[in-house]
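Numbering (the UniProt record's numbering), first residue to last: 1 to 657.
The structure appears right after this line, and notes come after that.
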């Protein structure tokens, strides 16, 4: 505050003081008039000085205010005209009415008044119409944060180029950690002589070291089949652009040696915490291996996962050791429980029902009661035929219960076994997962991002043809002598036959071993064919669906039903299978309304196109060559548009999830 303001002494206290002085001097005058007159003279002098001081104060205050106003006006004009902030006023037609000199220097034109805002940037008018408050746009080589004052038709431009460059630099320098795993190193090199094994080792190491040197990656071998890689986010962007071509390089280089060796890579990013990066990298690797290997899984702290690779079908393992270990572990879990509840996925198929019956047998052979959860309102025709057959066998049918009954039966010591799915949202009764602490997952699908929380035992083998095949192997290794009924063995065999399309797809030597075991225990192949028979109406409807197919891109065909028609899921899947048998078709997609009101897409491929990744973008899943999804609140045409967009992104390299 200026000092002259402090000189201002007048106010009510001072006036009161003067009045009091006048009264006192008047009293003194009454007693001694000479002293009183002297007092009045003194008071008059003081009053005159006070008035003069007040006039001087008012004059100085006026001068100060005038000077301050002038300075503020000058500062405002200089700020408006010379500060590095762009300002534009525009009219109702988005024409520029006024702009400060900074905008002129930015556009590199002396005058652009009267021009459209598109003259500055074509992004401005759309943002104004969308009622945006602020947006970042690019003008020439700079990026600006534009604040929109729509009510005043005013735009402010703040140069944020340096800030965004710093943010980009910070983002690019973030640490990324990866664990590289040779999927089948032990199996492939088992039995090889030392020289050939050393040659393979040297070849793989050479390819990985060259890849690391080219991209500036720190690579360290931690074991015979495991490497640790450390790099930054910028390098990760480069690797994603070429879709981790190192996967193909290792596969092709070892194939020349007549060895099928593949990589799985778990990548972690998005945090500066090294321990957290390590945990994420291991989790990503587990996810990549759970999906069959030969691929990259990139996981961030926000839970988002991107996948690359997965171009080959998983290779069948050469050992049954894991099946035997899992079988014994399952027996122990069953023995420690009071009862076993078995649950498959919604709208169960033959594989789900067959494998559930197999686990029921595991429970019974270990002396425990087992129950299979079934929603009879949502089963297809083939499964219904199996159910009709089971109803005639009371000793089996009595163990099928509804979801409501399962919730009532469940206790703290109950073991829940989930078969043919690993996604919580896909099971028949999701409440059982939260109610029971002991959950076992047995599945043959490639592992997805969504997974049942904290299972006590997981048996997932993507190489297997079906869950029924896995369960059959578990039955073979049960410690107690097992006696199977004909219908139980037939149900398991039906699951294998349906999922392999009569042993033509995803069929390995273990598949035939399992089928042989079931056949030896009384499985009836004629009865399986009876379950799989279809009526003339179903055949006609499927043919109508196939008739609607059109080639979308070379080797890719898409069929879609009419909006008023609704199809069974099995019919949709069969249509996709048949389209794949046509000449020149590499992948088929069938879009149709389901009976439950959702839109279903069934996808099939011969292996060159990973339909699993495409379906996962639509919240579905499956295998490399066999996948599907169901879409809520969508029309056939909307689903088709969405599917085509994802296919285009996949072909152009957008294989992200």
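A virtual CB, placed ideally from N, CA and C, is assigned to each residue, including glycine.
Small disclaimer: the values here were computed from a predicted structure and weren't measured.
How should residue i be labelled, buried or exposed, when 16 other C-beta atoms within 10 angstroms of its C-beta is the threshold for buried?
| i | result |
| --- | --- |
| residue 551 | exposed |
| residue 560 | buried |
| residue 639 | buried |
| residue 274 | exposed |
| residue 621 | buried |
| residue 90 | buried |
| residue 33 | exposed |
| residue 615 | buried |
| residue 299 | buried |
| residue 42 | exposed |
| residue 212 | buried |
| residue 354 | buried |
| residue 431 | exposed |
| residue 526 | exposed |
| residue 140 | exposed |
| residue 613 | buried |
| residue 62 | exposed |
| residue 258 | exposed |
| residue 64 | exposed |
| residue 655 | Confidence in residue 655 is poor, its pLDDT being 43 and thus under 50, which makes the residue's placement unreliable; the coordinate value appears in the next sentence. With 16 or more other Cβ atoms within 10 Å, it is buried. |
Could you give the DSSP three-state label for residue i: helix, strand or coil?
| i | result |
| --- | --- |
| residue 174 | coil |
| residue 632 | coil |
| residue 279 | helix |
| residue 550 | strand |
| residue 621 | strand |
| residue 574 | helix |
| residue 307 | strand |
| residue 646 | helix |
| residue 558 | strand |
| residue 318 | Because residue 318 carries a pLDDT of 42, less than 50, the predicted location of this residue cannot be relied on, and the following value inherits that uncertainty. The answer is coil: DSSP assigns residue 318 none of H, G, I, E or B. |
| residue 566 | strand |
| residue 594 | strand |
| residue 18 | helix |
| residue 213 | helix |
| residue 192 | coil |
| residue 336 | coil |
| residue 45 | helix |
| residue 254 | helix |
| residue 637 | helix |
On the DSSP bridge assignment, give the partners of residue i in chain order.
| i | result |
| --- | --- |
| residue 220 | 228 |
| residue 147 | 134, 156 |
| residue 604 | 588, 626 |
| residue 343 | 373, 418 |
| residue 440 | 417, 457 |
| residue 180 | 227, 265 |
| residue 88 | 99, 155 |
| residue 53 | DSSP output for residue 53 lists no bridge partner at all. |
| residue 296 | 265, 308 |
| residue 583 | Per DSSP, none; premise fails for residue 583. |
| residue 142 | 139 |
| residue 599 | 593, 631 |
| residue 427 | 345 |
Please tell me whether residue i has its Cβ less than 8 Å away from any Cβ of chain C.
| i | result |
| --- | --- |
| residue 385 | Going by chain labels, chain C is absent from the structure shown, which holds only one protein chain. |
Cβ of residue i versus every heavy atom of the ligand PLP: is any distance shorter than 7 Å?
| i | result |
| --- | --- |
| residue 147 | In terms of ligand content, the structure shown is empty, and the ligand PLP therefore cannot be addressed. |
Sufficient close CB pairs (3 or more, under 8 Å) joining the region 335-348 to the region 480-495: no
Length-filtered (4 minimum) alpha helix (DSSP H) runs lying within the region 445-518: DSSP runs (the alpha helix (DSSP H)) wholly in the region 445-518: 467-476, 486-499.
Three or more C-beta pairs below 8 Å linking the region 282-296 and the region 202-216: no
The region 234-244 contacting the region 182-202, beta-carbon criterion three pairs below 8 Å: no
Completely contained beta strand (DSSP E) runs for the region 348-413, where each covers 3 or more residues: The region 348-413 contains these whole beta strand (DSSP E) runs: 369-373.
At least three beta-carbon pairs within less than 8 Å, the region 623-634 to the region 601-613: Taking one beta carbon from each stretch, the region 623-634 and the region 601-613 have 3 or more pairs nearer than 8 Å; the two touch.
At least three beta-carbon pairs within less than 8 Å, the region 403-410 to the region 426-444: yes
Secondary structure, alpha helix (DSSP H): runs of 4+ residues fully inside the region 95-120: 101-107
contact_flag[the region 221-231, the region 167-182] where n(CB pairs < 8 Å) is 3 or more: yes
Inter-stretch contact (C-beta, 8 Å, three-pair minimum) for the region 538-551 and the region 499-510: no
Three or more C-beta pairs below 8 Å linking the region 480-487 and the region 358-371: Yes, the region 480-487 touches the region 358-371.
Cβ contact (3+ pairs, closer than 8 Å) linking the region 85-105 and the region 116-126: yes
Segment contact, 8 Å Cβ cut-off, at least three pairs: the region 577-584 with the region 634-649: no
The region 438-457 in contact with the region 322-337 per 3-pair CB rule at 8 Å: yes
Cβ pair count under 8 Å reaching 3, the region 461-470 against the region 381-398: no
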